[in-house]
Amino acid sequence: NAGVTQTPKFRVLKTGQSMTLLCAQDMNHEYMYWYRQDPGMGLRLIHYSVGEGTTAKGEVPDGYNVSRLKKQNFLLGLESAAPSQTSVYFCASSYSWSGGGGTDTQYFGPGTRLTVL
Amino acid sequence: DQQVKQNSPSLSVQEGRISILNCDYTNSMFDYFLWYKKYPAEGPTFLISISSIKDKNEDGRFTVFLNKSAKHLSLHIVPSQPGDSAVYFCAASGMAGNMLTFGGGTRLMVKP
Chain A
251 NAGVTQTPKF
261 RVLKTGQSMT
271 LLCAQDMNHE
281 YMYWYRQDPG
291 MGLRLIHYSV
301 GEGTTAKGEV
311 PDGYNVSRLK
321 KQNFLLGLES
331 AAPSQTSVYF
341 CASSYSWSGG
351 GGTDTQYFGP
361 GTRLTVL
Chain B
2 DQQVKQNSPS
12 LSVQEGRISI
22 LNCDYTNSMF
32 DYFLWYKKYP
42 AEGPTFLISI
52 SSIKDKNEDG
62 RFTVFLNKSA
72 KHLSLHIVPS
82 QPGDSAVYFC
92 AASGMAGNML
102 TFGGGTRLMV
112 KP
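Chains as they are written, first to last, in my numbering: chain A, 251 to 367; chain B, 2 to 113.
See the structure below:
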């Protein structure tokens with residue numbers, strides 16, 4: 251049982267390049283989330299998914315796209331990377347909704363450190 | 002404007018003593034609060050939570066206190082151990098459909 255895994259662990263991009271971050275979970279969770287962590291800012295939600303084939307915007311969605319074609323995978327795409335997207339990206343999953351009204355725990359992956367030059 | 006704030010970016014404590022990590026929030030609609038712990042190069046892991054209908058929740062060495070009138074919660078670790086050295090995030094949620102909102106984190110260092 252690997253839990254939540256993220257690929258790659260590190261990446262350096264040049265401004266304008268594109269890339270996709272992959273998140274995979276083997277816990278059969280319905281809900282998946284992408285966060286970014288910046289110094290002093292905590293974790294901010296980028297996009298989330300409440301089930302296969304669904305996606306929704308979080309707090310800071312601009313410049314990112316996501317897809318959830320399979321229940322176990324949640325992809326985060328950057329179409330044209332900018333230096334402001336330099337951050338550590340975390341994927342998380344939960345069995346049920348972890349936001350307001352829900353109390354389910356989120357399980358996090360180890361993170362991807364992205365630098366955009 | 003951050004709705005959940007952890008005003009101390011770092012805290013240093015001697016092994017065996019109490020560690021107190023603080024968190025303030027501004028949104029009165031928050032009704033569920035959590036603490037996550039994060040080691041370097043790892044993702045955050047859930048530590049303890051509290052609902053707004055309670056003012057205290059205990060789990061072993063960890064206790065979370067909630068003061069709704071002050072919009073303040075704190076995490077107490079007693080006794081502190083070197084393995085507790087990590088970054089601690091508080092998070093809050095409220096009303097169905099709202100997302101978890103995280104604070105900026107506090108780095109705890111427990112010295113042997």
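Don't be surprised by glycine CBs; every beta carbon is placed ideally from N, CA and C.
In this text the structure is predicted, and so the values were computed from the model without any measurement.
Given this structure, state the Cα-to-Cα distance separating residue i from residue j, to the nearest angstrom.
i, j, result
"K38/B", "G84/B", "11 Å"
"A306/A", "F47/B", "24 Å"
"C341/A", "F34/B", "20 Å"
"P258/A", "V338/A", "12 Å"
"T102/B", "Y298/A", "14 Å"
"K264/A", "L295/A", "24 Å"
"V366/A", "G61/B", "43 Å"
Note down, in chain order, each residue of its chain lying with its Cβ closer than 6 Å to the Cβ of residue i, except the 5 sequence neighbours on either side.
i, result
"F260/A", "R363"
"I51/B", "F34, N58, V65 and L67"
Can you name, in chain order, every residue of its own chain whose Cβ lies under 7 Å from the Cβ of residue i, other than the five neighbours on each side?
i, result
"L22/B", "L12, S75, L76, Y89, T107 and L109"
"G351/A", "Caution is warranted here: a pLDDT of 48 is assigned to G351/A, below 50, making its placement in the model unreliable, and no coordinate value can be reported."
"Q322/A", "A274, Q275 and D276"
"Y26/B", "Q4, V5, K72 and A93"
With 8 Å as the threshold, decide whether the Cβ of residue i is near any Cβ in chain A.
i, result
"L90/B", "Contrary to the premise, residue 90/B reads as Phe rather than Leu in this sequence. Chain A, which has a Cβ nearer than 8 Å to the Cβ of F90/B, makes this yes."
"F34/B", "no"
"G61/B", "no"
"P45/B", "yes"
"P10/B", "yes"
Report yes or no: is there a C-beta of chain B within less than 8 Å of the C-beta of residue i?
i, result
"N358/A", "Per the sequence shown, the amino acid found at residue 358/A is Phe instead of Asn. F358/A counts as touching chain B."
"T257/A", "no"
"M277/A", "no"
"F260/A", "no"
"T362/A", "no"
"L295/A", "yes"
"T355/A", "yes"
Under the rule that 16 or more other beta-carbon atoms within 10 Å means buried, what is residue i, buried or exposed?
i, result
"M277/A", "exposed"
"V79/B", "exposed"
"P114/B", "For chain B, the structure presents residues 2 to 113; residue 114/B sits outside this window and is missing."
"R286/A", "buried"
"G105/B", "buried"
"G292/A", "buried"
"R318/A", "buried"
"V111/B", "buried"
Against residue i, what residues of chain A qualify as contacts under a CB-to-CB distance less than 9 Å, listed in chain order?
i, result
"M110/B", "The premise fails here: M110/B is roughly 17 Å from chain A at the closest Cβ pair, so nothing lies under 9 Å."
Can you name the residues of chain B whose CB is closer than 7 Å to the CB of residue i?
i, result
"M291/A", "G105"
Considering only residues of the same chain and omitting the five flanking positions on each side of residue i, which have a CB-CB separation below 8 Å?
i, result
"V239/A", "Outside the shown range of chain A, which is 251 to 367, sits residue 239/A, and nothing can be said about it."
"S268/A", "G327, L328, E329, S330 and A331"
In chain A, which residues lie less than 7 Å from residue i when you measure between Cβ atoms?
i, result
"T27/B", "Chain A residues near T27/B: none, gap ~14 Å exceeds 7 Å."
Give the interface partners of residue i over in chain B, defined as CB-CB distance under 9 Å, in chain order.
i, result
"P308/A", "Before going on, a small fix: residue 308/A reads as Gly here, not Pro. Ordered by position in chain B, the residues that pass the 9 Å Cβ test against G308/A are M100."
Just the chain B side, please: which residues come within less than 8 Å of residue i by C-beta, in chain order?
i, result
"F324/A", "Neighbours of F324/A on chain B: none; closest Cβ ~14 Å, over 8 Å."
For residue i, go through chain A and note every residue whose CB falls closer than 8 Å to its CB, in chain order.
i, result
"A42/B", "P360 and G361"
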